[in-house]
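Chemist: Chain order of the listed sequences is A and B. Residues 1 to 240 in the working numbering are what the first sequence lists, from first letter to last. Residues 1001 to 1240 in the working numbering are what the second sequence lists, from first letter to last.
Number of protein chains: 2
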Amino acid sequence: MTMAPLDEEQFASGNLVGTAIGAITQHIRTNELGPGDRLPSEATLSKELSVSRSVVREAFRSLATMRLIDLNVGKRATVALLDHGAMSLMIEHGVHTAQININQVYDVRRTIEMRTATLAALRRTDAEARIILDHAQAMEQNFADADKVMESDLAFHLEIARASKNPIFSIIVGAFQGVSRQTWPIGWRSRASDAERYAMNRIHIELAEAIRAGDPQAASQLMARHFDESAKALIAAGIA
Amino acid sequence: MTMAPLDEEQFASGNLVGTAIGAITQHIRTNELGPGDRLPSEATLSKELSVSRSVVREAFRSLATMRLIDLNVGKRATVALLDHGAMSLMIEHGVHTAQININQVYDVRRTIEMRTATLAALRRTDAEARIILDHAQAMEQNFADADKVMESDLAFHLEIARASKNPIFSIIVGAFQGVSRQTWPIGWRSRASDAERYAMNRIHIELAEAIRAGDPQAASQLMARHFDESAKALIAAGIA
DNA sequence: CAATTCAACCTGTCGGACAGGTTTTATCAA
DNA sequence: TTGATAAAACCTGTCCGACAGGTTGAATTG
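1. Between the alpha carbons of Ser220 (chain A) and Val55 (chain A), how many angstroms are there, rounded?
2. Would you kindly work out how many angstroms separate the C-alpha atoms of Leu1089 (chain B) and Leu1158 (chain B), rounded to a whole number?
3. Is there a Cβ of chain A sitting closer than 9 Å to that of Val1249 (chain B), yes or no?
4. Check whether the Cβ atoms of Met1137 (chain B) and Ile1205 (chain B) lie closer than 9 Å to each other.
5. Measure from the C-beta of Ala1004 (chain B) to each C-beta in chain A and report whether the shortest distance is under 9 Å.
6. Which chain A residues sit within Cβ distance under 8 Å of Met1087 (chain B)?
7. For Val980 (chain B), count neighbouring C-beta atoms within 10 Å of its own C-beta (all shown protein chains included) and say buried if the count is 16 or more, exposed if not.
8. Could you please give the first and the last residue of the uninterrupted alpha helix (DSSP H) stretch that includes Ile100 (chain A)?
9. Going by CA-CA distance only, name the one from B:Ile1100, B:Tyr1106 and B:His1084 that's closest to Ser1230 (chain B).
10. Who are the Cβ neighbours of Lys1165 (chain B) in its own chain at under 6 Å, not counting the five residues just before and after it?
11. Would you say Met200 (chain A) faces chain B, with C-beta separation under 9 Å as the test?
12. The alpha helix (DSSP H) spanning Leu1045 (chain B) covers which residue range?
13. Nearest by alpha-carbon distance to Glu242 (chain A): which of A:Thr19, A:Arg197 and A:Ala210 is it?
14. Alpha carbon to alpha carbon, what distance is there between Gly1094 (chain B) and Asn1201 (chain B)?
15. How close, in whole Å, do the beta carbons of Glu92 (chain A) and Gly174 (chain A) come, if the pair is a contact with beta carbons under 8 Å?
16. Among residues of its own chain, excluding the 5 on either side of Leu234 (chain A), which ones have a beta-carbon nearer than 6 Å to its beta-carbon?
17. Can you check DSSP and say which residues form a bridge with Ile1069 (chain B)?
18. Could you compute how far the alpha carbon of Pro167 (chain A) sits from the alpha carbon of Met87 (chain A)?
19. Which residue wins for smallest C-alpha separation from Gln99 (chain A), given the options B:Ala1077, B:Phe1169, B:Pro1040 and B:Thr1044?
20. Quick one: which residues of the stretch 163-183 of chain A get their C-beta closer than 8 Å to a C-beta of chain B? List them in chain order.
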């Protein structure tokens, strides 16, 4: 499959740094580089593009901030593994600048995670099923420590995304972890009784079991119920 | 809702540029800046953080590449409107470095867009319903010109996302436009007869009408069918 | 009081410099 | 020949100073 150069347009000419970014991404594509492969040095690119090293540096740094490449002192830049870093920053920026609200985040998560639950039930390895269940059980065992419960909760959702075997889902779920970490305590506090909190944990266990049992419908429905309950808790706390 | 500073951790200390990025995003949050609001000048930040202007510049440029801020010569940097630019780059990077394949893109799109169709049917304004239908009709009218059909197709999907009134969905749908533009012709060519191509267009019209009629179930089902047909066409072309 | 002009500010780009960290090469000993 | 070691070449991170333009706001002028 041949891929036409798109970025040349995205980074309009007249913008040297944009041109450099285009040249670097282009280099990755035409040479079919994969994660770990080394890129040209700043000096080399500087000469090739006839721009100052500063321009090349800003281009490299931009790509590094977006996690497309890795930078290390002394070493050459390398192509990076996919990472949700860029998307996390974008989502958090949207939330903090009042362009995105929490309900919208929940709707996206619900939509995505109903699918990851379905796929996880179909594709999970035994080891993944085990890890997912472990996280759910850790939530019950650390019942008193809200922080630990939260971390297990987040890990639980991310592991389901991984088990879906689609890295885009992992990225999206990962991208929401930042904002989730900030809203999660609100939901926790709004669940007045321990009984309510226990019920929430219960759903996690059931979901983990549905995934282990390879029941996609059940997994999807449980995930939906989980988000509906969470949304209710948030509304009760006055977020909506 | 109070938001704890997360980026300080993300951008480890010892990394001056990372610190600067953290300081800038922090500035946006503590001052509750919104889109269009002006940021401090490079010189000001340079003094405040006791780092060289180069470092601040690389930080600004990184945030600009991720479309969190806008840069203009002579003017101060401003907080930017949400944009799918960063996510587009990330997705394209994943595809080009063989970390993401086309089927995975289709699965995510199908998942997301079944939801945007549902929401659009529930929330679309009359004007949006009209525009969506216009795009679908433009596909039929420019039947002979594959390029025009494609652009209308992309605009059609994006407008549905907009009508969902959730900017995150718009961003995700927009982020896939780049790769879609590259795979779309394959699907088009693999539809051997004009009858097949016409059938594809027909689904778009029906979907537009379901959205206008305010029928979320029908809209969602039609969107699902659309993606299933497209996937079939791609498989026929030997992509899967 | 409004229009104009000008000074102060700001960003984009360049070149050079130096402190470390890394890779390659050359040298030397076994 | 081989394998370890030392030196040279390379590389990134950061800083500084400079200058060309674009922008803004304040002083000046009619």
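All residues carry an ideal CB built from backbone N, CA and C; glycine is no exception. Note that this is a predicted model, so its numbers are computed, not measured.
Modeler: Judging by the given coordinates:
1. 48 Å
2. 18 Å
3. Since the displayed chain B opens at 1001 and closes at 1240, residue 1249 (chain B) lies outside it and no answer follows.
4. For clarity, residue 1137 (chain B) is Gln in the given sequence; the question names Met instead. Yes; because the gap between Cβ atoms is below 9 Å, this pair is in contact.
5. Residue confidence is low: Ala1004 (chain B) scores 33 on pLDDT, short of 50, so the model does not pin down where it sits. No coordinate-derived value is stated.
6. Ala86, Met87 and Met90
7. This structure gives no information on residue 980 (chain B), because the portion of chain B shown stretches from 1001 to 1240.
8. Neither: Ile100 (chain A) is in no alpha helix (DSSP H) and is coded neither H nor E.
9. B:Tyr1106
10. Arg1123
11. no
12. Glu1042 to Leu1049
13. Outside the shown range of chain A (1 to 240) lies residue 242 (chain A), about which nothing can therefore be said.
14. 30 Å
15. Not confirmed; about 12 Å, so no contact.
16. Gly187
17. B:Val1079
18. 13 Å
19. B:Phe1169
20. Asn166, Pro167, Ile168, Phe169, Ile171, Ile172, Gly178, Arg181, Gln182 and Thr183
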